[in-house]
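Here the structure is laid out as structure tokens; the discussion comes afterwards.
In the numbering used here, the protein residues as written are 130 to 333.
Structure, rendered in structure tokens:
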């Protein structure tokens with residue numbers, strides 16, 4: 130009976146400690162704002178070493194393309210990137226160096242009917258390209274946590290788009306274009322990420 134009581138108290142203490150360790154980080158990535166890319170990050174810290182969450186953002190991607198006027202094209206759209214982190218030897222709980230993995234869904238496209246092609250009947254058509262992709266990657270960084278709740282994160286990551294699908298507006302189909310020799314995907318298959326995040330920890 131005494132052993133059972135000690136065991137119950139120990140489990141209860143561990144449960145209380147786990148509950149106290151659960152905090153929430155909300156942050157803004159200020160690094161890519163200069164490129165008109167905006168993103169916010171939410172992380173749920175369910176232990177002192179592990180967190181899960183997601184990034185949601187709006188991005189502008191400019192790519193060189195000699196086939197269009199001006200020599201470059203711009204893709205705009207949003208992305209969602211669920212993420213897992215493991216912190217090594219944290220001091221304040223979920224701080225210092227970490228590594229993890231992520232999935233990223235991308236939805237982006239051109240606008241203004243910037244491309245020109247031909248329909249199956251030979252008529253001329255202007256169209257845009259829409260892209261949907263899913264990438265898998267790794268992320269690593271360092272988080273500095275302050276006693277007043279503010280935190281700062283320096284991080285980077287790289288992934289690869291396992292799924293990458295393009296569609297076309299205005300009924301354009303490259304497979305039915307009688308004058309098209311080849312068409313290449315413009316968006317890169319590699320996903321390079323970086324950030325300087327400023328955030329706040331709720332429940333600190």
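Note that the Cβ used here is the ideal one computed from N, Cα and C, for glycine as well.
Rounded to the nearest whole angstrom, the C-alpha separation of residue 185 and residue 251 is 42 Å. Proximity to residue 247 across 264, 304, 215 peaks at 304, based on C-alpha coordinates.
Between the alpha carbons of residue 292 and residue 233 lies a distance of about 10 Å. Per DSSP, residue 304 lies in no beta strand (DSSP E) segment and is marked neither H nor E. Residue 159 carries a coil assignment under DSSP once its states are collapsed to helix, strand and coil.
Of the residues 273, 275, 281, 230, the one whose Cα lies closest to the Cα of residue 156 is 281. Within the model, the alpha-carbon separation for residue 255 versus residue 300 is close to 10 Å. For the pair residue 204 and residue 237, the CB atoms are nearer than the 7 Å cut-off.
With a beta-carbon spacing of about 20 Å, residue 199 and residue 188 fall beyond the 8 Å limit used to define contacts.
When secondary structure is reduced to three states using DSSP, residue 164 falls in the helix class.
Closest by C-alpha distance to residue 295, out of 316, 172, 260, is 260. Taking C-alpha positions only, residue 318 is separated from residue 289 by approximately 6 Å.
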